[in-house]
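*Asks:* Dumping the structure here so I can ask a few things about it.
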Amino acid sequence: MAIRYDRSVIGEGMTLTQIIDPKYKTNIVRVRFVVPIDPENTGTNSLLMSLLVTSNSEVKSRSELSSKFMGLYGTSIGSIAGNVSDYQAMGVSMNMIMDKYTIGGEVISEEAVRQLLLCVLSPDITEGKFNENYFKLRKQELLDNIAASVNDKRTYAYIKAKEVIYEGEPAAYTDFGTAERAESITQEELMAQYKYLLESAVIDVTVCGGGEIDGAVKMLKDAFSKLERKNVVKVDYRTLSALKNEVCVKEEFMDVKQCKMFMAYKSDYEDIYVCKLMSCLLGGSAFSKLFLNVREKLSLCYGCDSYYSDLKGVMLIESGVDAVNIEKAQEAIREQVKILQGEGFTEEELENTKMYIKSNFMANYDSEWDMAAWYRAQDSRGTSYTPDEVCDIIDRITAEQVIECAKSFKEDTVFVLKAKEDTADE
Amino acid sequence: MNKEIIKSERFGEQYSLIHHPSGLDILIWKMENYSTTEAAFATRYGSINTCFKTSETGDFIEVPEGIAHYLEHKLFESEDIPVFELYAQTGASANAFTFFDETAYTFSTSKNWERSLEILLDYVQKPYFTQENVDKERGIIAQEIKMYEDSPSNACFYNMLKAIYKEHPVKIDIAGTVESIAQITPELLYDCYNTFYNLHNMVLSIAGNVDEDKVIEICDRILKPAKDLHLECKFPEEGRGVAKKRVTASFPVGLPLFDIGFKSKACDGMEFERKISVARMALKMLIGSSSPLYQQLFDEGLINSQLGYSAFSCSGSFFVCMVSGESRDPDEVYRRLLAEIERVRKEGFDEESFNIVRKSRYGSIVRMFGSVEGLTDAMTVSYFNGTSVFDEAELLADITAEDCRAALDELFDEENSAISIIEPIKE
Chain G
1 MAIRYDRSVI GEGMTLTQII DPKYKTNIVR VRFVVPIDPE NTGTNSLLMS LLVTSNSEVK
61 SRSELSSKFM GLYGTSIGSI AGNVSDYQAM GVSMNMIMDK YTIGGEVISE EAVRQLLLCV
121 LSPDITEGKF NENYFKLRKQ ELLDNIAASV NDKRTYAYIK AKEVIYEGEP AAYTDFGTAE
181 RAESITQEEL MAQYKYLLES AVIDVTVCGG GEIDGAVKML KDAFSKLERK NVVKVDYRTL
241 SALKNEVCVK EEFMDVKQCK MFMAYKSDYE DIYVCKLMSC LLGGSAFSKL FLNVREKLSL
301 CYGCDSYYSD LKGVMLIESG VDAVNIEKAQ EAIREQVKIL QGEGFTEEEL ENTKMYIKSN
361 FMANYDSEWD MAAWYRAQDS RGTSYTPDEV CDIIDRITAE QVIECAKSFK EDTVFVLKAK
421 EDTADE
Chain X
1001 MNKEIIKSER FGEQYSLIHH PSGLDILIWK MENYSTTEAA FATRYGSINT CFKTSETGDF
1061 IEVPEGIAHY LEHKLFESED IPVFELYAQT GASANAFTFF DETAYTFSTS KNWERSLEIL
1121 LDYVQKPYFT QENVDKERGI IAQEIKMYED SPSNACFYNM LKAIYKEHPV KIDIAGTVES
1181 IAQITPELLY DCYNTFYNLH NMVLSIAGNV DEDKVIEICD RILKPAKDLH LECKFPEEGR
1241 GVAKKRVTAS FPVGLPLFDI GFKSKACDGM EFERKISVAR MALKMLIGSS SPLYQQLFDE
1301 GLINSQLGYS AFSCSGSFFV CMVSGESRDP DEVYRRLLAE IERVRKEGFD EESFNIVRKS
1361 RYGSIVRMFG SVEGLTDAMT VSYFNGTSVF DEAELLADIT AEDCRAALDE LFDEENSAIS
1421 IIEPIKE
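Chains as they are written, first to last, in the numbering used here: chain G, 1 to 426; chain X, 1001 to 1427.
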């Protein structure tokens, strides 16, 4: 593969990562701040990011800024905010087509990056306050987003399940906080948080795409290396979630037709790629144990999937089922986990799963977005493997390792978002 | 077999259209240095095709709602080795989807694409429906339907379609209802299969890491030549005016959701391509994030970043310009949108905004050329429309701000519009 990966330190706790493959037609520029999750400030951080992409010190109106980026061949800019393990990772992300694909070779990359830098490092602040009108509007939007978390039942159930799975850990909190806290955010807090992020957050700047963007990269490097940094936070993403003494079963009722069920299993198994393979064998494909048995054989649900979070050591199994079938589905899922722990898979099943997972890893090469996400995940593990290298790791995994890994996973939590009796469709 | 090269000088890109003797047309886009191969074996058949005839059926026949989607599920059934088990031996991710006017069977893989293509072509041509396997699927599809029934945005969207369309089957939920799928039998599935899964009504699109000669060799070996059945679908006449101007429903949501829809006349070919390009640009100038209306509504707290707009349409069948989002007062958003349309109708669009929007659209097209999945999809869609992937870019150079203004009467006729609102459940 022609991909070039380069990561350099550009200041205390600041890195610049370049992932370049000439076949891509666009470049992504992403600036990300990472701090430990502090439930008091998650909402403030999210609000701050949305304000940074609303206006800047030069372009003070949202529609003008939007027009500016649209005129740069539809360059998109947006805020990102989310939790990664026990940390909140937030920032600004931009995607632009390469200069060579504009009409007449117009150079847009430098202006696009200049505007992004204005947004992040020279925001629309007057007399120590963000634009008051946008502050009010974005705060209301944050409140709306918190209220709207019930709109998508699967996402809502996932948020509630995480509260139980990670009880007592920072990962239990959402990245937008509570409505009460959002309501009380002040301009002063916002400014203090902005200053804190610039001074003390881990900052990673990533450029991923077709490249040919040296001028813009230099602008990024120069701008960030000038930041005055102090008390930079320490980040160690892999903080395993502790197994509860007994399985915690929680239910919440809502006006829904289909129940959403999450079952969490935890393990401290060291080799994350064995865990990924095991989870894929259980419920990661259309020929997995869960798909073939819980969906196809028993017709209990439309989807029954498992995912593994290596940073928390948690395997999550989710499904949507009728209220009357909840226990039956739980038993069927437990049965498949037990089968996996008891060597209940063939060499062929394992080899097929390996092939499937490797094909998915290799597909990352074909998208600048996927490659940026790939190296972000690698960074969180302190590695910089290419998809090819991870495929080699997968090839070396044995059936014995998979069984040993499966045995190490213990049931921790069952969360069900249940239909109220009058809406249940049995 | 004859082959056409479809080329764009502007972008330096090209793909092949091969008319295979079996009756199938094959589209191939080789992307240098890409690892993935993405293929879609698609039929011009979706949820709206509920009344049809062929040279063999005689009269028009009507089938239950949701049958195209049910058929899609059942085509994965096989008499011997299950399809997913076959794919499991290749490492490919296989899937399928049913849309309003299309059903497609896809795979994506970074290894063994040749074997995956053999599997795809083979199973789609070998239906195996029995009473037992058809009954078994009912529970799974019922769960899928219930999953959608719990989605307020899905309800808002279909309520809007039911409000603006009095007759057209686009208002039918793609998956049907628990009641309608109860009527589906193996015989009905075979009727639909034999009608719509005829190679003359299908296309194979394949993009990414692919070798044209190998694709042809596999097609030669596996495709079973088909007789053209002269398929004809019937749609009810959809006159001017709507079924309801305003429709509401309640769900557990934070803020009210809304979908505003404007239906207009269906068309196909280049006329459709031009209409959809004009509609996309007009929508962006009317309510896109850089428009004066967006700025006013945002500044007044009437909309938030969830606002979206699209030209939702199928060539030759239906055409809807829609605006969706969250608002404390959706009716006011609707009123202001209508007022803005009226203003632009009189004053026209600003030339500078038009040029900005045109550049932005050009950027979107460039982005598509870097996506294996995007190109597979674009080839299929443009093929069914009778156009090419490059036509929009060529049209962009021709369309003027005045064209967009002139199209407002047809695209945004108030009489053909309605609003659907999802209100929060009052405790």
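Even glycine gets a Cβ: it sits at the ideal position worked out from N, Cα and C.
Keep in mind it's a predicted model, so treat the numbers as computed, not measured.
(1) Taking E141 (chain G) as the query, report the chain X residues whose CB atoms sit under 7 Å from its CB, ordered along the chain.
(2) Report all residues from its chain with a CB closer than 6 Å to the CB of V414 (chain G); omit the five preceding and five following residues, and keep chain order.
(3) Against M1379 (chain X), what residues of chain G qualify as contacts under a CB-to-CB distance less than 8 Å, listed in chain order?
(4) Leaving aside the five residues before and after D204 (chain G) along the sequence, list all residues of the same chain whose C-beta is less than 6 Å from its C-beta, in chain order.
(5) For C301 (chain G), which residues in chain X fall below 7 Å Cβ to Cβ?
(6) For G209 (chain G), write down the residues that DSSP places opposite it in a beta bridge.
(7) Any beta carbon of chain X sitting closer than 8 Å to that of K420 (chain G)?
(8) Taking only beta-carbon atoms, is A147 (chain G) less than 8 Å away from chain X?
(9) How big is the Cα-Cα spacing for A424 (chain G) and K257 (chain G)?
(10) Taking the Cβ atom as the reference point for each residue, do L1286 (chain X) and I1341 (chain X) lie within a distance shorter than 8 Å?
(11) Chain X partners of V113 (chain G), CB-CB under 9 Å?
(12) For the alpha helix (DSSP H) that S380 (chain G) lies in, which residues bound it at each end?
(13) So with Cβ pairs under 8 Å, would you call F1369 (chain X) a contact of chain G?
(14) Roughly how far, in whole angstroms, is the beta-carbon of V1124 (chain X) from the beta-carbon of L1075 (chain X), given that I think they are within contact range, below 8 Å?
(15) Any idea which residues DSSP pairs R4 (chain G) with across the strands?
(16) If you follow the alpha helix (DSSP H) that C1192 (chain X) is part of, which residue opens it and which one closes it?
(17) Out of G:L47, G:K266, G:R295 and G:S359, which has the shortest C-alpha to C-alpha gap to D392 (chain G)?
(18) Can you give me, in chain order, the residues of the region 144-174 of chain G that have a beta carbon less than 9 Å from any beta carbon in chain X?
(19) May I ask you to list, following chain order, the residues of the region 1096-1117 of chain X that have a beta carbon less than 9 Å from some beta carbon of chain G?
(20) Whether or not the region 126-140 of chain G and the region 49-58 of chain G are in contact is what I'm after, with contact meaning three or more pairs of Cβ atoms, one per stretch, closer than 8 Å; do they touch?
(21) Is D21 (chain G) near the ligand MN, with its Cβ less than 7 Å from a heavy atom?
(22) For I165 (chain G), count the other beta carbons within 10 Å of its own beta carbon; 16 or more makes it buried, fewer makes it exposed. Which is it?
(23) Could you tell me which chain G residues have their CB closer than 8 Å to the CB of Q1295 (chain X), listed as they occur along the chain?
(24) Of the residues that make up the region 221-255 of chain G, which ones have a beta carbon closer than 7 Å to any beta carbon in chain X?
(25) Step through the CB atoms of chain B and report whether any lies within less than 8 Å of the CB of P1252 (chain X).
(26) Just how far apart, CA to CA, sit I394 (chain G) and F1318 (chain X)?
(27) To which residues of the same chain is K1111 (chain X) closer than 6 Å at the C-beta, ignoring the five residues directly before and after it?
(28) Can you tell me whether V113 (chain G) is buried or exposed? The criterion is at least 16 other CB atoms within 10 Å of its CB, across all chains shown.
(29) Any residues in the region 8-42 of chain G with a beta carbon nearer than 9 Å to a beta carbon of chain X? Which ones, in chain order?
(30) Going by C-alpha to C-alpha distance, which of X:S1093, X:M1001 and X:S1108 sits closest to A1039 (chain X)?
(31) Would you call the region 1359-1366 of chain X in contact with the region 1182-1193 of chain X, where contact means no fewer than 3 C-beta pairs closer than 8 Å?
(32) Tell me the DSSP bridge mates of S953 (chain X)?
(33) Who are the near neighbours of L1161 (chain X) in its chain, counting only those whose CB is closer than 8 Å to its CB and skipping five residues on each side?
(34) Taking Cβ positions only, does E1394 (chain X) come closer than 8 Å to chain G?
(35) Beta-carbon of Y273 (chain G) versus every beta-carbon of chain X: anything under 8 Å?
(36) Label S67 (chain G) either buried or exposed according to how many other C-beta atoms from any shown protein chain fall within 10 Å of its C-beta, with 16 as the threshold for buried.
*Replies:* Looking at the coordinates:
(1) Within the first sequence, numbered from 1, the residue matching residue 141 (chain G) stands at position 141. Ordered by position in chain X, the residues that pass the 7 Å Cβ test against E141 (chain G) are N1304 and S1305.
(2) By one-based count along the first sequence, residue 414 (chain G) stands at place 414. Answer for V414 (chain G): V249 and M263, listed in chain order.
(3) Here residue 1379 (chain X) corresponds to residue number 379 of the second sequence, with the count starting at 1. In chain order: nothing, as chain G lies at least about 17 Å away.
(4) Sequence index remark: in the first sequence, residue 204 (chain G) carries index 204 (1-based). For D204 (chain G), where only same-chain residues beyond five positions count, the Cβ hits under 6 Å are T15 and R32.
(5) Indexing the first sequence from 1 puts residue 301 (chain G) at position 301. Residues of chain X passing the Cβ test: Q1143.
(6) Within the first sequence, residue 209 (chain G) is the residue found at index 209, counting from 1. The partner list for G209 (chain G) (beta bridge, DSSP) reads G:I20 and G:N27.
(7) In the first sequence, counting from the first residue as 1, residue 420 (chain G) sits at position 420. Not one chain X Cβ lies under 8 Å of K420 (chain G).
(8) If you number the first sequence from 1, residue 147 (chain G) lands on position 147. Closer than 8 Å to some Cβ of chain X, the Cβ of A147 (chain G) qualifies, so yes.
(9) Here residue 424 (chain G) is taken as the residue at index 424 of the first sequence, counted from 1. Here residue 257 (chain G) is taken as the residue at index 257 of the first sequence, counted from 1. In this prediction, A424 (chain G) scores a pLDDT of 48, lower than 50, which makes its location untrustworthy; the coordinate-derived value is nonetheless stated afterwards. About 5 Å.
(10) By one-based count along the second sequence, residue 1286 (chain X) stands at place 286. By one-based count along the second sequence, residue 1341 (chain X) stands at place 341. It is a contact, given that the beta carbons lie within the stated cut-off.
(11) Along the first sequence, read from residue 1 onward, the residue named residue 113 (chain G) stands at position 113. The contacting residues do not exist; V113 (chain G) stays about 16 Å from chain X at best.
(12) One-based indexing of the first sequence puts residue 380 (chain G) at position 380. It spans E368 to S380 - the alpha helix (DSSP H) in which S380 (chain G) sits, taken as one unbroken run.
(13) By one-based count along the second sequence, residue 1369 (chain X) stands at place 369. By this cut-off, F1369 (chain X) is an interface position.
(14) On the second sequence, residue 1124 (chain X) is found 124 positions in, with the first residue counted as 1. On the second sequence, residue 1075 (chain X) is found 75 positions in, with the first residue counted as 1. The beta-carbon separation of V1124 (chain X) and L1075 (chain X), rounded to 6 Å, stays under the 8 Å limit for a contact.
(15) By one-based count along the first sequence, residue 4 (chain G) stands at place 4. According to DSSP, R4 (chain G) bridges with G:I20.
(16) In the second sequence, residue 1192 (chain X) corresponds to position 192, counting from 1. P1186 to F1196 is the extent of the alpha helix (DSSP H) around C1192 (chain X).
(17) As a first step, residue 392 (chain G) is located in the first sequence; it is residue number 392 there, counting from the start. Considering only alpha carbons, the answer is G:S359.
(18) Within the region 144-174 of chain G, the residues whose Cβ lies closer than 9 Å to some Cβ of chain X are D144, N145, I146, A147, A148, S149, V150, N151, D152, K153, R154 and Y156, listed in chain order.
(19) Residues are counted here when their Cβ sits less than 9 Å from a Cβ of chain G; for the region 1096-1117 of chain X these are S1108, T1109, S1110, K1111 and N1112, given in chain order.
(20) yes
(21) Only the bare structure without any ligand can be found here, which leaves the ligand MN out of the picture.
(22) Stepping through the first sequence from its first residue, residue 165 (chain G) is reached at position 165. Answer is buried; the Cβ neighbour count reaches 16.
(23) As a working note, residue 1295 (chain X) is residue 295 in the second sequence. Neighbours of Q1295 (chain X) on chain G, chain order: S61, R62 and S63.
(24) M254 and D255
(25) The displayed structure is made up of protein chains G and X, and chain B is not among them.
(26) Sequence index remark: in the first sequence, residue 394 (chain G) carries index 394 (1-based). Sequence index remark: in the second sequence, residue 1318 (chain X) carries index 318 (1-based). C-alpha separation (whole angstroms): 48 Å.
(27) Here residue 1111 (chain X) refers to the residue found at position 111 of the second sequence. Contacts found: G1091.
(28) For the purposes of this step, residue 113 (chain G) is taken as residue 113 along the first sequence, with counting starting at 1. V113 (chain G) comes out buried.
(29) D21, P22, K23, Y24, K25 and T26
(30) One-based indexing of the second sequence puts residue 1039 (chain X) at position 39. Ranking the options by Cα distance to A1039 (chain X), first place goes to X:S1108.
(31) no
(32) Residue 953 (chain X) cannot be examined here, being either before or after the span of chain X that is shown, 1001 to 1427.
(33) Translated into the one-based positions of the second sequence, residue 1161 (chain X) becomes position 161. Excluding sequence neighbours, L1161 (chain X) sits near V1170, K1171, G1261 and V1320.
(34) For the purposes of this step, residue 1394 (chain X) is identified with residue 394 of the second sequence, where counting begins at 1. No, because no Cβ of chain G sits closer than 8 Å to the Cβ of E1394 (chain X).
(35) In the first sequence, residue 273 (chain G) corresponds to position 273, counting from 1. With its beta carbon at least 8 Å from every one in chain X, Y273 (chain G) lies outside the interface.
(36) Position 67 of the first sequence, counting from 1, holds the residue named residue 67 (chain G). It counts as buried.
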